[in-house]
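Protein chains in written order, with our numbering: chain A, 2 to 222; chain B, 2 to 222.
Here it is, written out as C-alpha cells:
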C-alpha cells in the first residue's frame, strides 16, 4: 500500500506554460480570432476539444475542422520558435532523481503528445524506465480521469494511493474524478486559492518545494 | 464630491501582460538568467527597481547597471516583435467612451513610459483630453502611490473619492498606499483571491464587466 506520485508535465515539471499561452494567442489572432491571454492561460492543459469549444464560444461561432487543424499546427510551429529548448522547473530533475533513488513509485501523465513531449522528457532526464502516459494512450484528455487512471494502472497501484501533482485546475479536477488526492503547484501561474478551490490538498510553489515537503504528504522520504 | 476612476494600462485596458512576461523571460534567459514564467508574471507592473531586485535574488547575485540596461532594451525589442499591435481588452474602449459621455472623471496611471505606451493609448482611442500619468511623471513607480496621487491631483479630486482599476496586486497595494479604493480585473491573469487579498473591493473579469457594474461601485451611470 505504498503511496505513488503522478505528475503533469507542462507547468509542473517544465517551464512551458507562458510560451504555450503566447503561441495559442498568436495562432488564434492570425486566424482572426483574437482571444485574451488570461482566458487562454486558464484553459491550458484541458483537452483540445474543450479548448476549441471555449474558443468557439469566445468568437461566437463554431470552428471548422480545417480551422482547428490549421490553428493547432500553427501553434506548434510558433511554440517551437518561441521555445527551442525546454527548461525544467526548479527542483524538477532533483525531485525525479530523489523518487528514483528511494524507489518511490511515480509516473508522468500529460495531455501532450509524442514526439512533441520528447524534448521535455529529455530535459528532465526521464528515460524509458519511467512510466509516461501521453495523450495518444487514452481516449479522453483532462479533466477526464483517463490519463491518471492509465498511469495508475501502469504503475500497479490503487487510485486511492496516488497523489497527482499539477499546476492547472484541470489536473486537480481530473484527479478528483480519478479518486486521487492532489497537490497544486504555482509554477504554471495559477494562484494558490484557485488550486485549493479545485481540490488540492496542499499547494507548493514548485517541484523544489514539493521535494522538501514530501513528508507532509505522508511519504517516508 | 463626485467619484473618479483611475486606470492602470497594461493588463487592465490593453492585452499585453503575456507578451511582456514572455519578452522578459527571453531577454533574461539570453543573459544567462533563466527565470520561471510565473515568477515574472507576478512581478509585472511593479517598479523596474523592485523587478530587478527580484531578478537578482532569483539568480543569486547583484546585476550591474550595464546588464540591467541591456536586458531592458532587449525586452523592449522582443516585446515589439512579439506584439506589433496593441489590442484593447474587451470593453475597454466602450468603458472609456461611456465615462467621457457621462462626464465621469477618469484618468490613466501607468508604470509604462512614453513613447512605448503611445500605441496602447491610440488603440484605446485615448486623446489629449484624457489625463495620462506615465512613469516619467513621478519619482517612484508602483507599488508606491506616486502615480495614482499624481493622477488624482491632475484630475482635481480627493484620494478618498478615487477608485483604482488594476489587474496586478501592485496596483491594489499602491491604491491602498494612496488612500484609494480599488477594483481588481482578472484580465492580467491573477486569480480573484489574489486580488481580493490585496485589498480589491470587488473583482471583475475585465473592463466589460466593470462597465456593467459601475452602479455596484456607487457610480450613478
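By construction, the Cβ of each residue, glycine as well, lies at the ideal position given by its N, Cα and C atoms.
In this text the structure is predicted, and so the values were computed from the model without any measurement.
Residue 89/A counts as buried, since at least 16 other C-beta atoms from the protein chains shown sit within 10 angstroms of its C-beta. Within the DSSP bridge table, the entry for residue 183/B names 165/B as partners. Counting other Cβ atoms within 10 Å of its Cβ, residue 135/A reaches 16 or more and is therefore classed as buried. Among the residues facing chain B, residue 90/A is included, as its CB has a counterpart in that chain under 8 Å away.
A contact is defined here as three or more CB-CB pairs under 8 Å, and the region 75-89 of chain B meets this definition with respect to the region 25-33 of chain B. Out of 55/B, 12/B and 91/B, the CA that lies nearest to the CA of residue 209/B is found in 91/B. Listed as beta-bridge partners of residue 203/B by DSSP are 184/B.
Interface criterion met: the Cβ of residue 18/B is under 8 Å from a Cβ in chain A. Within the same chain, Cβ atoms closer than 6 Å to the Cβ of residue 36/B are found at 29 and 59, the five residues on either side in sequence being excluded. Counting C-beta atoms within 10 angstroms of its own C-beta, residue 43/B has 16 or more neighbours from the protein chains shown and is therefore classed as buried. In the DSSP assignment, residue 23/B falls within the unbroken alpha helix (DSSP H) covering 18-31. Excluding its 5 nearest sequence neighbours in each direction, residue 205/B has C-beta neighbours in its own chain below 8 Å: 184, 185, 186, 187, 211 and 214, listed in chain order.
Proximity of residue 188/B to chain A, defined by a Cβ-Cβ separation below 8 Å, is satisfied. In this chain, residue 108/A is not harboured by any alpha helix (DSSP H); it is covered by the beta strand (DSSP E) spanning 107-110.
At a cut-off of 8 Å between C-beta atoms, residue 205/B does not count as an interface residue with respect to chain A. Here residue 150/B is not bridged, per DSSP, to any residue. Spatial neighbours of residue 126/A in its own chain (CB-CB distance under 8 Å, excluding positions within 5 residues in sequence) are listed in chain order as 94, 97 and 98. Annotated as proximal: residue 169/A and residue 46/A, with beta-carbon spacing under 8 Å. When 7 Å is used as the limit between beta carbons, residue 35/B is near these residues of chain A: 88, in chain order. The way I'd put it, the region 51-65 of chain B doesn't touch the region 105-118 of chain B; fewer than three beta-carbon pairs between them come closer than 8 Å.
Neighbourhood of residue 147/A in chain B, by CB distance below 8 Å: empty, with the nearest CB roughly 27 Å away. The C-alpha of residue 133/B is placed about 10 Å away from the C-alpha of residue 156/B. Within the region 111-138 of chain A, the runs of alpha helix (DSSP H) that reach at least 4 residues and sit entirely inside it are, in chain order, 119-125. Contact between the region 143-162 of chain B and the region 175-182 of chain B is present: three or more C-beta pairs spanning the two stretches fall below 8 Å. Residue-level contact check: residue 194/B touches chain A, since one or more beta carbons of chain A fall below 8 Å from its beta carbon. Take residue 80/B, set aside five residues on each side of it, and the residues of its chain with a beta-carbon closer than 7 Å to its own are 20, 21 and 24, in chain order. Annotated three-state conformation of residue 56/B is helix, per DSSP.
Taking a Cβ-Cβ threshold of 7 Å, the residues of chain B close to residue 39/A are 187, 188, 189 and 190, in chain order.
When Cβ-Cβ separations below 8 Å define contact, residue 26/A makes contact with chain B.
Taking CB atoms only, residue 22/A has a neighbour in chain B less than 8 Å away. Between the alpha carbons of residue 216/A and residue 182/B lies a gap of roughly 42 Å. With respect to the C-alpha of residue 189/A, the residue from 6/A, 16/A and 3/A having the closest C-alpha is 16/A.
Among the bridge pairs identified by DSSP, residue 11/A is matched with 15/A.
The alpha-carbon of residue 104/B is positioned some 57 Å away from that of residue 109/A.
Contact between residue 194/B and residue 194/A holds: their C-beta atoms lie close to 3 Å from each other, under 8 Å.
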